Amino acid sequence: MFVLILGGGKVGSTLARTLLAQSHEIVVVEQERARFDQLEPELGHRILLGDATELYVLERAGIERPPDIVVAATGDDEDNMVVGQLARERYGVPKVIARVNDPRNQAHFDLLGIAPTVSATRAIMALVEHEVPEHDLVALLELRRENLEIAELVISDGAPAAGKRIEELQLPESARLISVLRGGEAEIAVGSTELRPGDQVLAILRPGAEDELRTALVDRRGLATRLRR
Amino acid sequence: MNAIVVGCGRVGSALARKLAGEGWSVAVVDKDETAMELLPDDWRHPFVVGHALDTSILEEAGIESADVFVAATGGDNTNVVVAQVAKGRYGVEAVAARIHDPARAEFYADRGFELVSPTRTAIRELAAWATGQAA
Numbered sequence: 191m192f193v194l195i196l197g198g199g200k201v202g203s204t205l206a207r208t209l210l211a212q213s214h215e216i217v218v219v220e221q222e223r224a225r226f227d228q229l230e231p232e233l234g235h236r237i238l239l240g241d242a243t244e245l246y247v248l249e250r251a252g253i254e255r256p257p258d259i260v261v262a263a264t265g266d267d268e269d270n271m272v273v274g275q276l277a278r279e280r281y282g283v284p285k286v287i288a289r290v291n292d293p294r295n296q297a298h299f300d301l302l303g304i305a306p307t308v309s310a311t312r313a314i315m316a317l318v319e320h321e322v323p324e325h326d327l328v329a330l331l332e333l334r335r336e337n338l339e340i341a342e343l344v345i346s347d348g349a350p351a352a353g354k355r356i357e358e359l360q361l362p363e364s365a366r367l368i369s370v371l372r373g374g375e376a377e378i379a380v381g382s383t384e385l386r387p388g389d390q391v392l393a394i395l396r397p398g399a400e401d402e403l404r405t406a407l408v409d410r411r412g413l414a415t416r417l418r419r
Numbered sequence: 004m005n006a007i008v009v010g011c012g013r014v015g016s017a018l019a020r021k022l023a024g025e026g027w028s029v030a031v032v033d034k035d036e037t038a039m040e041l042l043p044d045d046w047r048h049p050f051v052v053g054h055a056l057d058t059s060i061l062e063e064a065g066i067e068s069a070d071v072f073v074a075a076t077g078g079d080n081t082n083v084v085v086a087q088v089a090k091g092r093y094g095v096e097a098v099a100a101r102i103h104d105p106a107r108a109e110f111y112a113d114r115g116f117e118l119v120s121p122t123r124t125a126i127r128e129l130a131a132w133a134t135g136q137a138a
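In order, the protein sequence lines correspond to chains Y and X.
To convert a position in the first sequence, counted from 1, into our numbering, add 190.
To convert a position in the second sequence, counted from 1, into our numbering, add 3.
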């Protein structure tokens with residue numbers, strides 16, 4: 191596979207090393223001279239110095255072949271968006287993966303049709319929320335292309351779902367429960383699984399069904415009361 | 004008419020001043036507050052400090068009621084992305100972006116917003132002047 195990596199920072203260079211170790215063909219484009227000099231002894235002819243949003247730089251890096259995958263991993267979101275548009279629309283690259291540095295820019299990536307995207311900050315936030323005991327619903331994984339997400343909910347004392355079997359719940363059409371984690375043991379959620387306070391439930395749902403799912407399982411008002419105590 | 008000018012450099016500040024002189028209401032956005040020094044001392048229009056990709060900054064500048072939007076920061080990529088946000092997300096009627104690189108200007112042509120490439124203009128005018136010397 192030929193992967194073109196734009197940006198030789200921590201993300202880009204680590205990705206380059208990993209792909210090289212798996213015998214893939216790679217080219218990295220880095221615009222800062224100092225960083226380029228650091229990486230050049232290791233990557234040799236596989237790294238180019240230049241601005242990855244300049245068409246002639248992309249073309250020297252082999253974008254016209256085109257690569258199987260272009261990874262836009264610079265530290266600048268505007269650059270990643272422009273490179274994403276160029277790669278897909280001008281050069282017909284079949285797959286573009288873009289790094290989102292500031293999660294607030296996610297909507298702009300979506301608007302310009304650049305997907306999939308990866309945001310380290312967003313991923314870390316989800317893991318932090320996962321560790322906070324009082325959360326009600328945490329989006330753990332977004333499958334944007336599939337238009338699905340995986341979320342975690344915690345069943346609290348007095349939640350509408352506590353003490354009920356899954357088949358008795360009024361779940362939204364566009365949500366299903368996957369598994370129930372209780373006392374460190376996970377089991378697959380089936381109709382006869384009974385939910386208890388403290389259970390951590392994984393659900394798969396269409397984005398937008400979060401509120402309905404909350405109402406069916408954990409009830410936000412119940413949670414607010416518990417937090418005030 | 005309501006206009007937003009993003010980027011208060013030599014071009015942005017002079018453009019804002021010109022439009023204000025025509026009686027328009029003009030909001031200027033720049034990430035650097037010292038850029039305001041390029042505007043006249045008696046500037047009475049909004050000057051919003053922040054990054055133009057931040058939607059709260061655009062909304063504070065009044066993008067929802069803007070008739071004209073100009074992206075004139077020093078960064079080509081910032082300008083074309085912000086222009087697409089103004090057009091695609093907020094539906095601003097008239098949007099223009101300044102872009103130095105002629106190759107990227109060509110790629111972004113015909114997307115519903117105006118592209119102004121000073122480099123292309125300079126090349127054209129200098130070539131016309133130089134070839135005119137032979138006559």
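No residue lacks a Cβ here, since even glycine has one placed at the ideal position from N, Cα and C.
This structure is a prediction, so every number in the text was calculated from the model and none was measured.
Exercise. Apart from the five residues on each side of it in sequence, which residues of its chain come closer than 7 Å, Cβ to Cβ, to P284/Y?
Worked result: D258
Exercise. Secondary structure at C11/X, three-state DSSP: helix, strand or coil?
Worked result: coil
Exercise. Should Y246/Y go down as buried or exposed, given a rule of 16 or more other Cβ atoms within 10 Å for buried?
Worked result: exposed
For this session: Rounded to whole angstroms, what's the CA-CA distance from I368/Y to L359/Y? Just pull it up for me.
Result: 14 Å
For this session: Return the first residue and the last residue of the alpha helix (DSSP H) that F299/Y is part of.
Result: 296 to 301
Exercise. Per DSSP, what kind of secondary structure is V73/X in: helix, strand or coil?
Worked result: strand
Problem set entry | Option in E215/Y, L194/Y, R225/Y, S213/Y with minimal Cα separation from K200/Y | R225/Y
Exercise. In chain order, what residues of the stretch 257 to 273 of chain Y put their CB closer than 8 Å to some CB of chain X?
Worked result: D266, D267, E268, D269, M271, V272
Exercise. To the nearest whole angstrom, what separates the beta carbons of T37/X and A55/X, a pair I think is in contact under 8 Å?
Worked result: Contact flag wrong, Cβ pair sits at about 17 Å.
Exercise. Which same chain residues, not among the five before or five after R418/Y, have their C-beta less than 7 Å away from its C-beta?
Worked result: Here R418/Y scores only 40 on pLDDT, less than 50, and its place in the model should not be relied on; the value that follows carries that caveat. For R418/Y, where only same-chain residues beyond five positions count, there are no Cβ hits under 7 Å.
Exercise. Going along chain X, which residues have a C-beta under 9 Å from L276/Y?
Worked result: R107, F110
Exercise. From this set, A263/Y, I287/Y, R207/Y, which residue's C-alpha is nearest Q221/Y's C-alpha?
Worked result: A263/Y
Problem set entry | Whether A30/X touches I60/X by CB criterion (7 Å) | no
For this session: Could you tell me the boundaries of the beta strand (DSSP E) in which S28/X lies?
Result: 28 to 33
Exercise. Would you say H235/Y faces chain X, with C-beta separation under 7 Å as the test?
Worked result: no
Problem set entry | Residues from the stretch 288 to 303 of chain Y in contact with chain X, defined by Cβ distance under 9 Å | D292, R294, N295, A297, H298, L301, L302
Exercise. Name the chain Y residues whose beta carbon is nearer than 7 Å to that of V88/X?
Worked result: H298, L301
Exercise. Can you round the beta-carbon distance between S88/X and H298/Y to whole angstroms, since I take them to be within the 8 Å contact cut?
Worked result: Reading off the sequence shown, one finds Val at residue 88/X, where the question assumed Ser. Yes, they are in contact, since the Cβ atoms of V88/X and H298/Y sit about 6 Å apart, within 8 Å.
Exercise. Hey, quick one: how far does the alpha helix (DSSP H) through E342/Y stretch, first residue to last?
Worked result: Unbroken run through E342/Y is the beta strand (DSSP E), 338 to 344; no alpha helix (DSSP H).
Exercise. For T124/X and chain Y, any beta-carbon pair shorter than 7 Å?
Worked result: no
Problem set entry | Contact with chain Y by T76/X, beta-carbon distance below 7 Å | no
Exercise. Is T122/X near the ligand GTP, going by C-beta to nearest heavy atom under 6 Å?
Worked result: This structure lacks the ligand GTP; in fact it carries no ligand of any kind.
For this session: Could you run through the stretch 45 to 59 of chain X and flag, in chain order, every residue whose CB is less than 8 Å away from some CB of chain Y?
Result: L56, D57, T58
Problem set entry | Same chain, Cβ closer than 6 Å to I378/Y, five either side skipped, listed in chain order | S369
Exercise. Does DSSP classify V474/Y as helix, strand or coil?
Worked result: Lying outside 191 to 419, the shown extent of chain Y, residue 474/Y is not represented and no answer is given.
For this session: Closer than 8 Å by C-beta to S120/X: which residues in its own chain qualify, once you throw out the five before and the five after it? Chain order, please.
Result: R101, I102, H103, D104, P105, A108
Exercise. What separation, rounded to the nearest whole angstrom, lies between the Cα atoms of T81/X and V272/Y?
Worked result: 9 Å
Exercise. Can you list, in chain order, the residues of its chain whose CB lies under 7 Å from that of G412/Y, leaving out five sequence neighbours each side?
Worked result: Because the pLDDT at G412/Y is just 43, under 50, the model does not fix this residue reliably, and the point stays unresolved.
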